[in-house]
Amino acid sequence: MSEENLNNTRSDEQSPVSSQPTNKKGFFRTFISRHTGVFVLLCLLIAVVIFAFIRIKLLERSFNKQQEALRVRYENKVDSLLQADRLTTAKVFSWAVRGELIRDNRDQINQYFMNFVKESGVKKIKLIDPVSAKAIISTDKKDEGLVFADPTFFTEEIAVRHLDSVTQIISPVMGLNKKIGILVIEYE
């Protein structure tokens, strides 16, 4: 064999190796061109799935925001109803205390306090003398005799104070002409 024939044989042997990668690119292109409809549908399906996932996430966020707003509104409504109920209870309780104060029946007032403090959420109750500002009767016996000079206690209307985890309802106990006591109910 001559050198020329050997070169031709070598180039023939090398040709299939070098043309093989171009045939692969050509194969994918021809495969895609033959199945264009399938690829278009596949791309549309992927786009629809992505759109659906995005839409679901947006709806979930919107739902969570609405649910949180509803929860906050509900809690505010429950808190306002609870406070209104406590104010009404304090007002009625001060009337009972007033009746016993006019009769000078402190033992009965103490019984009222001991029974009322057993109710859920009630922490402490005290009756303050408006003249001396001392606690006359209290469910916490350590408070009896202590002076309470806070100006909030000496209002003419029912007042509500929020201190840390305690809510105080301060209700004046009115006699015929003057204030005869100050009822302080502490709720947890």
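Every position in the sequence shown, counted from 1, becomes a number in the working numbering once 22 is added. Each residue gets a CB set at the ideal place from its N, CA and C atoms; glycine is no exception.
- For residue 42, which of helix, strand or coil comes out of DSSP? Unreliable placement is indicated for residue 42, whose pLDDT of 49 sits below 50; no coordinate value is reported for it.
- Message: By the three-class DSSP mapping on this structure, what secondary structure does residue 58 have?
- Response: Three-state DSSP puts residue 58 in a helix.
- Query: Could you check where the beta strand (DSSP E) with residue 183 kicks off and where it finishes?
  - Reply: Counting along the chain, the beta strand (DSSP E) containing residue 183 begins and ends at 181 to 185.
- With distances taken between CB atoms, is the gap from residue 143 to residue 210 smaller than 9 Å? Cβ distance < 9 Å, so residue 143 and residue 210 count as in contact.
- Query: Below 9 Å between beta carbons: does that hold for residue 159 and residue 175?
  - Reply: Not in contact: residue 159 and residue 175 (Cβ atoms no closer than 9 Å).
- Report back the beta-carbon spacing between residue 112 and residue 180 to the nearest angstrom; my notes put them in contact at under 8 Å. That pair is a contact at about 6 Å.
- Task: Pull up the distance between the alpha-carbon of residue 172 and that of residue 163, whole angstroms please.
- Result: Distance between the alpha carbons of residue 172 and residue 163 is about 20 Å.
- Task: State yes or no: is the C-beta of residue 206 within less than 9 Å of the C-beta of residue 190?
- Result: Pairing residue 206 with residue 190 gives a Cβ-Cβ distance under 9 Å.
- Do you know offhand how far residue 126's Cα is from residue 197's? Taking the CA atoms as reference points, residue 126 sits about 12 Å from residue 197.
- Item | Cα-Cα separation between residue 114 and residue 107, rounded to whole angstroms | Rounded to the nearest angstrom, the gap between the Cα atoms of residue 114 and residue 107 is 11 Å.
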